[in-house]
Amino acid sequence: MTSEVPSKGLEWTNLVLGAGLTCAAFALTELPAAAWNAGIVGLLIVCCSAVALYRYGAWAEWSNLALGCWAVAAPFLLGFGSAEAEMWTHVLVGLCVATIAIMQLSSGRKAQIPSKSNAR
Numbered sequence: 000m001t002s003e004v005p006s007k008g009l010e011w012t013n014l015v016l017g018a019g020l021t022c023a024a025f026a027l028t029e030l031p032a033a034a035w036n037a038g039i040v041g042l043l044i045v046c047c048s049a050v051a052l053y054r055y056g057a058w059a060e061w062s063n064l065a066l067g068c069w070a071v072a073a074p075f076l077l078g079f080g081s082a083e084a085e086m087w088t089h090v091l092v093g094l095c096v097a098t099i100a101i102m103q104l105s106s107g108r109k110a111q112i113p114s115k116s117n118a119r
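The sequence shown lines up with residues 0 to 119 when you count with numbering that gives the first Met the number 0.
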């Protein structure tokens, strides 16, 4: 585990996306499943991103990847896929969070692989 985040800007972006999803829970009150899911998943994304900013670990990115994938699938698994605003909020935020997590994981992995010129 290293203490340096591959890209703090991307981690801050995930934190803001999670906060946005958490705040969206208050606008999604017509569908309790959507509101609860947005609030809980958004808060978990915020927590993982905040911890990663403090002390980076690949586990935080894997957690954000899983949470982002869940946010994409949740509207269809929890039964609010026909509600356009709720569904698109979850899908777009989930895709963004998952994509950023993949970018962070791949840049973290590249930083760990020594180049051939340094291996000698």
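Yeah, the Cβ is synthetic: ideal placement off N, Cα and C, and Gly gets one too.
Review point. Would E60 be called buried (16 or more neighbouring beta carbons within 10 Å of its own) or exposed?
Key: buried
**Study point:** Top-ranked residue by Cα proximity to C95, from K7, S6 and G17
**Key:** G17
Point to revise | Through-space distance from L20 to L30, alpha-carbon basis | key: 15 Å
Review point. Out of curiosity, what's the CA-to-CA distance linking L14 and L52?
Key: 9 Å
Practice item. Look at the Cβ atom of S57, then the Cβ atom of L9, and state whether they are nearer than 8 Å. Key: Rather than Ser, the amino acid found at residue 57 in this sequence is Ala. No.
Practice item. State yes or no: is the C-beta of V71 within less than 8 Å of the C-beta of G93? Key: yes
Practice item. Would you identify the three-state DSSP class for L125, choosing helix, strand or coil? Key: Outside the shown range of the chain (0 to 119) lies residue 125, about which nothing can therefore be said.
**Study point:** For A18, the three-state DSSP class (helix, strand or coil)
**Key:** helix
Review point. Who are the near neighbours of V45 in its chain, counting only those whose CB is closer than 6 Å to its CB and skipping five residues on each side?
Key: L14, G17 and A18
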